[in-house]
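S.K.: Residue numbering for the sequence shown follows numbering that gives the first Met the number 0, starting at 0 and increasing by one per position.
Backbone N, C-alpha and C fix where the C-beta goes; we use that ideal spot for every residue, glycine too.
From a predicted model like this one, the values you see are computed outputs, not experimental measurements.
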Amino acid sequence: MKVHHLNCGSMCPLGRRLLSGEGGWLAPANMCCHCLLIEGRHGLILVDTGLGTADVSNPSRLGFGFNAMVRPKLVMSETALYQIRELGLDPRDVRHIVPTHLDLDHVGALGDFPQAEVHVYAKELQAALTRPSLKEKSRYIPAQWAHGPKWSPHNVEGERWMGFEAARALPDTDEEVLLVPLTGHTQGHCGVAVRGDDGWLLHCGDAYFFRGEMDVDERHCPIGLRVFQSMVQMDGASRMANQLRLRELKQQHGRDVTLFCAHDPVELAQLSGQARERQGSRAQYAA
Numbered sequence: 000m001k002v003h004h005l006n007c008g009s010m011c012p013l014g015r016r017l018l019s020g021e022g023g024w025l026a027p028a029n030m031c032c033h034c035l036l037i038e039g040r041h042g043l044i045l046v047d048t049g050l051g052t053a054d055v056s057n058p059s060r061l062g063f064g065f066n067a068m069v070r071p072k073l074v075m076s077e078t079a080l081y082q083i084r085e086l087g088l089d090p091r092d093v094r095h096i097v098p099t100h101l102d103l104d105h106v107g108a109l110g111d112f113p114q115a116e117v118h119v120y121a122k123e124l125q126a127a128l129t130r131p132s133l134k135e136k137s138r139y140i141p142a143q144w145a146h147g148p149k150w151s152p153h154n155v156e157g158e159r160w161m162g163f164e165a166a167r168a169l170p171d172t173d174e175e176v177l178l179v180p181l182t183g184h185t186q187g188h189c190g191v192a193v194r195g196d197d198g199w200l201l202h203c204g205d206a207y208f209f210r211g212e213m214d215v216d217e218r219h220c221p222i223g224l225r226v227f228q229s230m231v232q233m234d235g236a237s238r239m240a241n242q243l244r245l246r247e248l249k250q251q252h253g254r255d256v257t258l259f260c261a262h263d264p265v266e267l268a269q270l271s272g273q274a275r276e277r278q279g280s281r282a283q284y285a286a
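1. Say the cut is 8 Å; is the CB of L181 nearer than that to a heavy atom of the ligand ZN?
2. How many Å lie between L50 and A142 at the Cα?
3. To which residues of the same chain is V155 closer than 7 Å at the C-beta, ignoring the five residues directly before and after it?
4. Return helix, strand or coil for S9, following the three-state DSSP convention.
5. Can you have a look at E212 and say buried or exposed, based on whether 16 or more other CB atoms are within 10 angstroms of its CB?
6. Go through the segment 136-165 residue by residue and report every complete run of the beta strand (DSSP E) that reaches 3 residues or more, in order.
7. Since K72 sits in a beta bridge, which residues does DSSP pair it with?
8. Would you identify the three-state DSSP class for P90, choosing helix, strand or coil?
9. Taking V191 and V97 to be in contact with their CB atoms under 8 Å, please state how far apart those CB atoms are, rounded to whole angstroms.
10. What is the DSSP secondary structure of R167, counted as helix, strand or coil?
11. Identify the residues that DSSP records as bridge partners of E38: which are they?
12. To which residues of the same chain is H4 closer than 7 Å at the C-beta, ignoring the five residues directly before and after it?
13. Between which two residues does the alpha helix (DSSP H) holding V226 run?
14. Measuring alpha carbon to alpha carbon, tell me which residue in A168, E158 and K249 is nearest W150.
15. Nearest by alpha-carbon distance to V265: which of R218, R138, D234 and F209 is it?
16. In the DSSP assignment, what residue or residues form a beta bridge with A192?
17. Only counting the same chain, and skipping five residues up and downstream in sequence, which positions put a Cβ closer than 8 Å to that of E21?
18. Less than 9 Å between the C-beta atoms of L80 and P90, yes or no?
19. Just confirm the distance between the C-beta atoms of L103 and F65, as a whole number of angstroms; I'd bet it's less than 8 Å.
20. Do the segment 214-233 and the segment 108-124 make contact, defined as three or more Cβ pairs closer than 8 Å?
21. Which value, in whole angstroms, describes the spacing of the CA atoms of M161 and L243?
22. Apart from the five residues on each side of it in sequence, which residues of its chain come closer than 8 Å, Cβ to Cβ, to A240?
23. Please state the DSSP three-state secondary structure of V265.
24. From H262 to T78, what does the alpha carbon distance come to, in whole angstroms?
25. Which residue or residues does DSSP assign as beta-bridge partners of Y120?
26. Nearest CA to the CA of K136: which residue from A126, W144 and A145?
Shown next, in the form of structure tokens:
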């Protein structure tokens, strides 16, 4: 499967030194919404959607707190809808969406693909639809799914992937896309494992925020991001335990699995560049 790495929502929170570990204390940091577009055998698949056209047109629906703290750029050219068209593909061919979780910056574009089936961990869907706590009322935005998505909830039922529980997100197809529960950030947060042409990718969502957190020799993360993750987590013990498991996965299977998170722009740039190089090499070989 051909995989594209997209930034579907640049964000510029103040405090670059605190959030990136370098630069000025009050300078804007650079964060992204790292999404995957997969050219599957039976149509297009999105892993996370980032922010959508309705978020760009009506920023107030994201809430004052998110806009003031995260400072999203909100430009149409960064939406998944526009980027799919720029690739010469038809957005109507997006048949499936597989979110890591349903936070507002991960599913803002659901309404741009109303025909798509949305495959989500059942625990996460329940939390998003009921919003039982104050924290969940602020992170989940019902307006983003007011169009009535074709929800397809999944549970783990004994399948394993690299030692983790997993559920096939697209069980009625031969596409290898798996939901891998990595709870803690939210009640039903998952990673999404994708078997592409060059091996496994694991989109870790918000299981971590900074590439240094996956350093198997010396884990590190800027203090601002450490504080932010603690502030928004639903289960800190589970989140930290899953980070440890991800580092072990990288150490044991790093040659077979590429891990990345949703908001680290360095990871996005590296993987985007590698994907373009591979595609260019294949095109040259085919010619």
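M.R.: Working from what's here:
1. Questions concerning the ligand ZN fall outside what the structure shown contains, since it holds no ligand whatsoever.
2. 13 Å
3. E164, A165, A166 and P180
4. coil
5. buried
6. 149-153
7. DSSP, once it has assigned bridges, lists no residue as partnering K72.
8. helix
9. 5 Å
10. strand
11. K1 and L43
12. H33, L35, L267, L270, S271 and A274
13. I222 to V231
14. A168
15. F209
16. L177 and L201
17. R15
18. yes
19. 7 Å
20. no
21. 14 Å
22. G183
23. helix
24. 15 Å
25. H153
26. A126
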